[in-house]
Amino acid sequence: MFVTFYLSIVLFLLSLLLASFTLKREIDTKKASSPLQKKLIVAGVFIACALGFGVYGVYDYHQTLTQERQRGFERLQGIEHLFRNELSRADISIFDTDNPRRHDLLGRLALYVSNSADVSYACLVNQKHPIGAYLLDRKSNYAKPLQECSSLELERTPKGFGALLLGELYAPWRFDSIIENRFDRIEARFFLDTRRLEGAVYDSFNSVGNLILGVSILIFVFSFVLALRKERFEESVLGYSQGRAFDKIIESIPMPILYKNMEGSYLGCNSKFLELSGKSREEVIGFRVGDLLDKKSAMEIEECERHLKEKGECPSHDIRFVDHRGEECFIRVYKTLLTNNFDEPVGILGFFVDMSEYHQSQRELKERQEQLEFFSEQLEKQMEYEISGRLNSERRYKQLFDSGRDGIFVVQMDEEEGVAQIVEANWSAHEMFGYSQGAFEELAFASLVDKGEREGVERLLKELPLKGGALIESHFVLLEHRSIPIELSIQSFLLEEKRTLYVSARDITERLRLEEEKRVQENLLVQQSKMASMGEMIGAIAHQWKQPLNAIYLMCQGLKESFAYNELDEAEMDRFVSGAMKQVEFMSRTITDFRNFFMPSKEKCAFALKEALLEMHSILAPQFSKHDIEVRITQEGEGSVVAYGYPNEFKQVALNLMNNSRDAIEERIRCGEKISGKIEVRISSEGDYACARIKDNGGGIPDEILKNIFEPYFSTKGEKGTGIGLSIAKMIIEKNMNGKIRAYNEEKGAVFEIRLPLSGARSNA
Numbered sequence: 001m002f003v004t005f006y007l008s009i010v011l012f013l014l015s016l017l018l019a020s021f022t023l024k025r026e027i028d029t030k031k032a033s034s035p036l037q038k039k040l041i042v043a044g045v046f047i048a049c050a051l052g053f054g055v056y057g058v059y060d061y062h063q064t065l066t067q068e069r070q071r072g073f074e075r076l077q078g079i080e081h082l083f084r085n086e087l088s089r090a091d092i093s094i095f096d097t098d099n100p101r102r103h104d105l106l107g108r109l110a111l112y113v114s115n116s117a118d119v120s121y122a123c124l125v126n127q128k129h130p131i132g133a134y135l136l137d138r139k140s141n142y143a144k145p146l147q148e149c150s151s152l153e154l155e156r157t158p159k160g161f162g163a164l165l166l167g168e169l170y171a172p173w174r175f176d177s178i179i180e181n182r183f184d185r186i187e188a189r190f191f192l193d194t195r196r197l198e199g200a201v202y203d204s205f206n207s208v209g210n211l212i213l214g215v216s217i218l219i220f221v222f223s224f225v226l227a228l229r230k231e232r233f234e235e236s237v238l239g240y241s242q243g244r245a246f247d248k249i250i251e252s253i254p255m256p257i258l259y260k261n262m263e264g265s266y267l268g269c270n271s272k273f274l275e276l277s278g279k280s281r282e283e284v285i286g287f288r289v290g291d292l293l294d295k296k297s298a299m300e301i302e303e304c305e306r307h308l309k310e311k312g313e314c315p316s317h318d319i320r321f322v323d324h325r326g327e328e329c330f331i332r333v334y335k336t337l338l339t340n341n342f343d344e345p346v347g348i349l350g351f352f353v354d355m356s357e358y359h360q361s362q363r364e365l366k367e368r369q370e371q372l373e374f375f376s377e378q379l380e381k382q383m384e385y386e387i388s389g390r391l392n393s394e395r396r397y398k399q400l401f402d403s404g405r406d407g408i409f410v411v412q413m414d415e416e417e418g419v420a421q422i423v424e425a426n427w428s429a430h431e432m433f434g435y436s437q438g439a440f441e442e443l444a445f446a447s448l449v450d451k452g453e454r455e456g457v458e459r460l461l462k463e464l465p466l467k468g469g470a471l472i473e474s475h476f477v478l479l480e481h482r483s484i485p486i487e488l489s490i491q492s493f494l495l496e497e498k499r500t501l502y503v504s505a506r507d508i509t510e511r512l513r514l515e516e517e518k519r520v521q522e523n524l525l526v527q528q529s530k531m532a533s534m535g536e537m538i539g540a541i542a543h544q545w546k547q548p549l550n551a552i553y554l555m556c557q558g559l560k561e562s563f564a565y566n567e568l569d570e571a572e573m574d575r576f577v578s579g580a581m582k583q584v585e586f587m588s589r590t591i592t593d594f595r596n597f598f599m600p601s602k603e604k605c606a607f608a609l610k611e612a613l614l615e616m617h618s619i620l621a622p623q624f625s626k627h628d629i630e631v632r633i634t635q636e637g638e639g640s641v642v643a644y645g646y647p648n649e650f651k652q653v654a655l656n657l658m659n660n661s662r663d664a665i666e667e668r669i670r671c672g673e674k675i676s677g678k679i680e681v682r683i684s685s686e687g688d689y690a691c692a693r694i695k696d697n698g699g700g701i702p703d704e705i706l707k708n709i710f711e712p713y714f715s716t717k718g719e720k721g722t723g724i725g726l727s728i729a730k731m732i733i734e735k736n737m738n739g740k741i742r743a744y745n746e747e748k749g750a751v752f753e754i755r756l757p758l759s760g761a762r763s764n765a
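Here it is in structure tokens:
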């Protein structure tokens with residue numbers, strides 16, 4: 001019984017000595033500038049005094065145990081009351097296990113210590129909600145989650161302690177790790193539970209010794225942390241208001257945001273992230289990325305964060321995951337580092353853009369195209385079998401007819417009157433047009449078509465040959481008099497000696513909307529690419545104008561000196577005017593070339609690849625010479641290689657590719673390599689294509705990203721690149737000019753190959 005008491009006395013004296021040393025150090029160094037620190041130091045002194053009186057009271061109580069039991073108990077209550085008052089002044093509150101709600105809004109970390117001789121009970125609190133409860137063994141200095149404790153250990157937990165176990169538990173932490181990690185956060189406070197496990201009075205010397213032991217441990221740990229973690233603690237206290245402002249800021253941002261510490265555990269998020277993930281805040285905070293996402297997505301994010309920690313930057317990327325509703329989602333992830341007042345990285349901030357609709361629209365568009373192709377292929381194969389064999393396979397035909405998602409009409413042609421009469425329609429057709437079952441019968445098919453397009457549809461139905469087919473788009477009028485765009489797939493065949501039409505109608509409103517959005521986006525990308533190219537060209541013009549302007553300046557100086565020395569005659573004036581006119585003509589020609597370069601080609605035409613490339617290079621030649629980059633444009637064979645397309649758009653693509661080659665060479669030289677920059681353009685004709693290959697010695701393109709370089713917004717230049725140049729080049733060459741473009745590595749550089757349709761045979765130069 002007395003061992004614990006005397007041990008607590010020794011530990012108390014040690015903690016008092018350490019607190020006194022800390023106080024002296026703060027006074028001597030004059031660094032205790034924080035009001036909270038001063039209060040904590042004063043509180044330590046008051047605690048020491050209070051415990052001194054407590055020791056004296058215990059000793060006196062032990063001497064008069066049989067006679068003054070009640071008076072000793074009252075004195076102990078007075079000490080406890082004084083201790084509570086002094087702690088509350090120092091911003092260190094006592095937690096009462098009978099009233100577990102006392103912890104609301106009191107901080108991010110609370111440490112609850114019981115008065116057991118061997119073990120302590122702790123609960124980690126994150127703002128209003130506990131995030132874990134642990135059994136702390138003082139002998140081994142190790143924390144075990146309560147969910148792993150035995151029934152005997154759980155029986156010794158304080159009264160009311162179970163009401164605090166509201167959230168998921170962390171992995172086991174050592175006691176010193178809890179203190180260390182939590183002081184890296186915004187705020188930390190300690191709470192002491194001074195009640196016994198059974199809620200009884202302190203009727204034994206051993207119970208009081210345990211109390212003193214628990215308080216001594218707290219003072220010892222607190223003093224030790226205060227001495228060794230002073231700068232961190234000041235930063236934490238001073239940053240508390242900033243932390244609250246930070247939480248408010250991310251909560252007001254209308255996109256999902258999540259932040260974590262450098263070890264990878266999530267510290268907080270805003271409500272938008274909770275909506276996206278379908279989780280509560282307690283299911284996010286304290287967990288790692290592997291707990292929220294599948295293994296593949298988690299590995300992608302961990303790789304991104306590793307790159308962020310090493311390089312200070314992380315390229316955005318899309319990841320796929322399945323949300324709480326079981327639906328597949330795609331999000332674009334952006335990451336950045338969070339630093340403290342000492343510019344040290346303390347966490348990672350991530351924000352997300354939901355790209356699910358974009359991926360879904362692309363997938364749906366592809367599926368619809370595949371379905372249309374598949375249906376067109378199957379329609380011709382199954383049409384005659386399904387309809388002409390109607391009497392023998394009525395059940396199978398009816399099932400196929402009614403289960404289709406598209407509206408299907410069976411229309412018979414009245415050859416005498418030239419009218420296409422609806423014979424049968426499936427359930428999807430009735431639902432699409434708003435008609436009740438059977439209302440289509442005896443209606444003319446053309447009566448469903450919008451008046452402005454009705455005549456053309458009637459003519460098509462009449463002229464469609466037997467066993468022929470057609471695929472058209474037209475506007476149809478619904479029962480509610482609203483017009484919608486419909487795609488018609490029509491197949492003609494003979495049924496019961498009558499020409500019959502099998503018509504499949506599909507509502508393409510959504511597809512047209514997606515196509516319009518895609519068209520607008522493509523136009524925006526083209527405009528952005530043109531603006532980037534224009535910047536390059538303006539820089540080239542400014543460089544080319546320096547020389548003629550300098551020449552005109554020197555001629556003006558010479559003219560002035562000739563006049564001053566009476567040497568100005570008619571011949572000298574003619575020479576000056578002739579020289580100045582040549583320079584002005586050169587500048588004017590440069591502007592004309594610039595205007596022609598950016599003037600969109602109105603229609604496709606035949607143009608020589610070599611001449612187009614030479615015109616483009618004449619403007620940019622000074623910039624390449626400035627960086628000591630040799631550009632060679634050669635052509636295989638005799639005559640000109642003449643392509644068919646848009647010449648100015650081709651120049652824009654070539655300009656973009658050559659600028660990329662120049663950037664790659666400059667980057668390689670910047671990294672310390674001794675190379676002579678070279679860009680070689682080879683022109684040739686291969687089969688029905690005119691080819692231009694642009695090769696450099698800039699080091700090539702990594703194989704792992706080679707297949708992605710033509711995707712929109714994919715860039716290897718970081719903040720210097722927009723990621724739209726190569727995607728625009730691919731769209732211009734393949735979509736607008738019916739050509740092909742590809743990239744591959746050769747020797748110590750990259751090669752971009754452009755193939756355009758030849759304009760007939762080679763012309764003779």
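When we follow UniProt numbering, the leftmost residue of the sequence shown carries the number 1, and every step to the right adds one.
Using N, Cα and C, we set each Cβ at its ideal position, and we do this for glycine too.
- Shown here, D688 sits in coil according to DSSP, grouped into three states, outside any helix or strand.
- By the neighbour-count definition (other C-beta atoms within 10 Å, threshold 16), P254 is an exposed residue.
- Beta-carbon to beta-carbon, Y644 and A606 are separated by about 6 Å, close enough to satisfy the 8 Å threshold.
- Between E734 and R742 a beta carbon distance of about 10 Å is seen, past the 8 Å cut, so the two are scored as non-contacting.
- Straight-line measurement puts the Cα of E370 at about 38 Å from the Cα of G749.
- Scanning the UniProt domain "PAS" (242 to 312) from its first residue to its last, the whole beta strand (DSSP E) runs of 3-plus residues come out as 257 to 261 and 266 to 269.
- Contact between T500 and Q412 holds, since their C-beta atoms are separated by about 5 Å, short of 8 Å.
- From the listed residues F576, A444, D406 and M432, the smallest Cα separation to A420 is found for A444.
- Around the beta carbon of D414, a 10 Å sphere encloses fewer than 16 other beta carbons of the protein chains shown; the residue is thus reported as exposed.
- Proximity to L478 across A612, A439, V346 and C329 peaks at A439, based on C-alpha coordinates.
- Using a Cβ-Cβ distance cut-off of 8 Å, the region 649 to 663 and the region 611 to 625 are in contact, since at least three pairs of beta carbons, one from each stretch, lie closer than that value.
- Using a Cβ distance threshold of 7 Å, R670 and G698 do not count as a contacting pair.
- Within its own chain, the residues whose Cβ lies closer than 8 Å to the Cβ of H324, once the five positions on either side in sequence are excluded, are S277, G278 and K279, listed in chain order.
- Contact between S483 and S504 does not hold, since the beta-carbon distance rounds to 19 Å and is not under 8 Å.
- Spanning the alpha carbons of G637 and I629 requires a straight line of approximately 26 Å.
- Of all alpha-carbon atoms in Y565, G290 and I249, the one lying nearest the alpha-carbon of Y266 is that of G290.
- With a beta-carbon spacing of about 5 Å, E649 and I732 fall inside the 8 Å limit used to define contacts.
- Contact annotation: A571 and M555 have beta-carbon atoms that are not nearer than 7 Å.
- A distance below 7 Å separates the beta carbons of K260 and I348.
- In the same chain as R320, and ignoring 5 residues on each side of it, the C-beta atoms closer than 6 Å to its own belong to F330, in chain order.
- Shown here, F440 sits in coil according to DSSP, grouped into three states, outside any helix or strand.
- Within the region 622 to 685, the complete beta strand (DSSP E) segments at least 3 residues long are 629 to 635 and 642 to 645, listed from N- to C-terminus.
- Going by DSSP, S474 is part of the beta strand (DSSP E) stretching over G469 to V477.
- A distance below 7 Å between beta-carbons, with the five flanking residues on each side excluded, links F624 to the following residues of its chain, in chain order: V631 and R662.
- Nearest neighbour of L365 by Cα position, chosen from R511, V449 and D696, turns out to be R511.
- Beta-bridge annotation (DSSP): T339 is paired with P345.
- Pairing E487 with R506 gives a Cβ-Cβ distance under 7 Å.
- R755 is bridged by DSSP to C691 and K740.
- Bounds of the alpha helix (DSSP H) holding D703 are D703 to L706.
- Of the candidates M262, E711 and S715, the residue whose Cα lies closest to the Cα of T339 is M262.
- In its chain, beyond the 5 residues on either side, F433, F476 and V477 have a beta carbon closer than 8 Å to the beta carbon of L448.
- The alpha carbon of V322 has as its nearest neighbour, out of S356, I705 and M658, the alpha carbon of S356.
- The Cβ atoms of I285 and F351 do not sit closer than 7 Å to each other.
- The distance from the Cβ of H317 to that of V333 is about 6 Å, consistent with a contact at the 8 Å cut-off.
- For S727, the enclosing alpha helix (DSSP H) has its first and last residue at G725 to K730.
- Going by DSSP, R454 is part of the alpha helix (DSSP H) stretching over K451 to E463.
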